[in-house]
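First comes the structure, then the notes that go with it.
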Amino acid sequence: MTENTKPENPRKIKSWSEEDRPREKFMMKGRLAVSDAELLSILIRAGTTEMSALDLAKVIMASAGNSIHDLAKLDFKDFLKYKGMGKAKAISIVAALELGRRRSDIQPSKKKKITGPESVYEEMRQYLLDKPTEEFWILLLNRANELLRTVLVSVGGVSGTSVDVKLILKIAVENLASSIILVHNHPSGQLTPSHADKILTLQIRDAGRLLDMPILDHMIFTDAGFYSFKDSGEL
63 MTENTKPENP
73 RKIKSWSEED
83 RPREKFMMKG
93 RLAVSDAELL
103 SILIRAGTTE
113 MSALDLAKVI
123 MASAGNSIHD
133 LAKLDFKDFL
143 KYKGMGKAKA
153 ISIVAALELG
163 RRRSDIQPSK
173 KKKITGPESV
183 YEEMRQYLLD
193 KPTEEFWILL
203 LNRANELLRT
213 VLVSVGGVSG
223 TSVDVKLILK
233 IAVENLASSI
243 ILVHNHPSGQ
253 LTPSHADKIL
263 TLQIRDAGRL
273 LDMPILDHMI
283 FTDAGFYSFK
293 DSGEL
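Sequential numbering of the sequence shown, starting at 63, is according to the working numbering.
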């Protein structure tokens with residue numbers, strides 16, 4: 063060490079091994095591997111000449127009884143009382159805690175349960191009512207027959223639309239669906255399935271079986287009513 067070289071402050075996080083640094087530990091081992099104080103130190107970013115960001119985080123956590131619940135009760139001015147805490151750091155922490163509070167206040171939206179053709183028809187009215195051209199849609203369901211997503215697969219003309227069987231199954235697999243319901247509309251109002259409708263239904267059904275992806279129904283939608291392949295014994 064030369065005369066003008068100063069030893070690195072051992073309290074600085076940058077001087078620690080990567081696995082001991084909160085940010086690197088978060089990236090290497092995941093969010094569950096870091097402590098509350100380490101998460102807080104990531105928000106603080108930098109400490110002072112006397113203490114690292116983690117040391118400062120530990121002091122703040124200790125003053126809150128090492129409780130995230132009590133930490134969330136602190137306001138902007140409370141954080142400014144700690145040496146090394148400027149306005150930007152205080153705002154970042156309060157904002158992060160507020161996001162967590164808002165998340166806990168929000169109730170997860172309840173998924174719609176598909177109980178039969180009638181519930182499929184009611185779901186699809188918002189998409190297919192009064193449509194002048196033919197469209198092909200799929201409903202993706204979980205194991206409880208709850209609706210995960212409603213997806214438009216293709217749009218055609220007045221008398222038909224082309225459908226890619228591989229695309230339908232790809233969408234279902236990517237969305238972790240447990241089963242599929244097929245729906246397409248007949249702008250003409252004709253409820254009787256065409257020969258092409260029947261062939262396509264069997265093709266998708268057989269392809270789905272190879273991937274353990276059941277096709278629960280294929281519905282023909284019109285403004286006046288519907289035709290269910292399942293209820294008609296064709297699926």
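We treat Cβ as the ideally placed atom computed from N, Cα and C, and that holds for glycine.
Discussion item. At the level of alpha carbons, what is the spacing between THR67 and ILE104?
Written reply: Reading the sequence shown from its first residue, position 5 is the one you call residue 67. Reading the sequence shown from its first residue, position 42 is the one you call residue 104. Only weak support is given to the placement of THR67: the predicted model assigns it a pLDDT of 47, under 50, and the question is left unresolved by the model.
Worksheet item: Between the Cα of ILE282 and the Cα atoms of PRO276, MET275 and SER290, which residue gives the shortest distance?
Response: Here residue 282 is taken as the residue at index 220 of the sequence shown, counted from 1. For the residues PRO276, MET275 and SER290, the minimum Cα distance to ILE282 belongs to SER290.
Practice prompt. Go to TYR25, then tell me how far its beta strand (DSSP E) extends in each direction, as first and last residue.
Written response: In the structure displayed, the chain extends from 63 to 297; residue 25 sits before or after that span and is not available.
Worksheet item: How should ALA115 be labelled, buried or exposed, when 16 other C-beta atoms within 10 angstroms of its C-beta is the threshold for buried?
Response: Indexing the sequence shown from 1 puts residue 115 at position 53. Counting Cβ neighbours within 10 Å, ALA115 comes out buried, since at least 16 surround it.
Discussion item. In the DSSP output, which residue or residues are listed as bridge partners for ILE282?
Written reply: Taking the first residue of the sequence shown as position 1, residue 282 is located at position 220. According to DSSP, ILE282 bridges with HIS246 and TYR289.
Discussion item. Taking the alpha carbon of LYS292 as the reference point, which residue from ASP285, LYS260 and THR284 has its own alpha carbon closest?
Written reply: For the purposes of this step, residue 292 is identified with residue 230 of the sequence shown, where counting begins at 1. When each option's Cα is compared against that of LYS292, the closest is LYS260.
Discussion item. Closer than 8 Å is the cut-off here; do at least three beta carbon pairs connect the segment 119-129 with the segment 89-103?
Written reply: yes
Worksheet entry | Under the three-state DSSP convention, the category SER79 falls into | As a working note, residue 79 is residue 17 in the sequence shown. Confidence is the limiting factor: at SER79 the pLDDT is only 44, short of 50, which leaves the residue's position unreliable, though a coordinate-based value still follows. SER79: coil per DSSP, three-state reduction.
Discussion item. Excluding the 5 residues flanking ILE243 on each side, which residues of the same chain have their C-beta closer than 8 Å to its C-beta?
Written reply: Residue mapping note: residue 243 aligns to position 181 of the sequence shown, counting from 1. Here the set comprises ILE176, VAL182, ILE200, LEU201, LEU203, ILE277, LEU278, ASP279, HIS280 and MET281.
Worksheet item: Helix, strand or coil for THR212 per DSSP?
Response: Within the sequence shown, numbered from 1, the residue matching residue 212 stands at position 150. Looking at THR212 - three-state DSSP - the assignment turns out to be strand.
Discussion item. My output table needs one value for GLU86: the three-state DSSP class, helix, strand or coil.
Written reply: Looking up residue 86 in the sequence shown gives position 24. Looking at GLU86 - three-state DSSP - the assignment turns out to be helix.
Worksheet item: What residues in its chain sit with their C-beta under 8 Å from that of VAL156, if we drop five residues either side in the sequence?
Response: By one-based count along the sequence shown, residue 156 stands at place 94. Same-chain partners within the cutoff: LEU136, ASP137, PHE138 and PHE141.
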